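Colleague:
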Amino acid sequence: VHAEVLPEDKASYVKQAKAEGYTVMMVGDGINDSPAISEAHVGIAMNEGAPIAQKIANVTISSDNLQALVDLR
439 VHAEVLPEDK ASYVKQAKAE GYTVMMVGDG INDSPAISEA HVGIAMNEGA PIAQKIANVT
499 ISSDNLQALV DLR
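In the working numbering, the protein residues as written are 439 to 511.
1. What does the Cβ neighbour count give for E458, buried or exposed, with the cut at 16 atoms within 10 Å?
2. Would you say D467 touches the ligand NAD, meaning its beta carbon is less than 7 Å from a heavy atom?
3. Since I482 is in the beta strand (DSSP E), which residue starts that stretch and which ends it?
4. Would you mind stating whether K453 and E477 have Cβ atoms separated by less than 8 Å?
5. Quick one: Cα of A506 to Cα of E442, how far?
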């Protein structure tokens, strides 16, 4: 789990993690998250996030509480 990654580094980090064999899930809510959401194996947008993030994401959770991801199990 990584947080507080600079906007310009997010997509690069996702690409690097995938190249190293990791399965990557990216959770974001802003325009600056969209490239990384798109690059990830699974992209998740927050309900109150930017419309572009929601459009690109595989999943949009209906809450802005990250606990909703745990509850998806």
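For every residue, glycine included, the Cβ atom is placed at its ideal position computed from N, Cα and C. These numbers come from a predicted model, not from an experiment.
Modeller: Let me lay it out:
1. Position 20 of the sequence shown, counted from the first residue, corresponds to residue 458. Counting Cβ neighbours within 10 Å, E458 comes out exposed, since fewer than 16 surround it.
2. Of ligands this structure carries none, so the ligand NAD is not represented either.
3. As a position in the sequence shown, residue 482 is number 44, starting the count at 1. Where I482 is concerned, the enclosing beta strand (DSSP E) stretches over V480 to M484.
4. Position 15 of the sequence shown holds residue 453. Position 39 of the sequence shown holds residue 477. Yes, the pair counts as a contact, with Cβ atoms nearer than the cut-off.
5. Taking the sequence shown and counting its residues from 1, the one referred to as residue 506 is at position 68. Taking the sequence shown and counting its residues from 1, the one referred to as residue 442 is at position 4. Cα-Cα distance, rounded: 20 Å.
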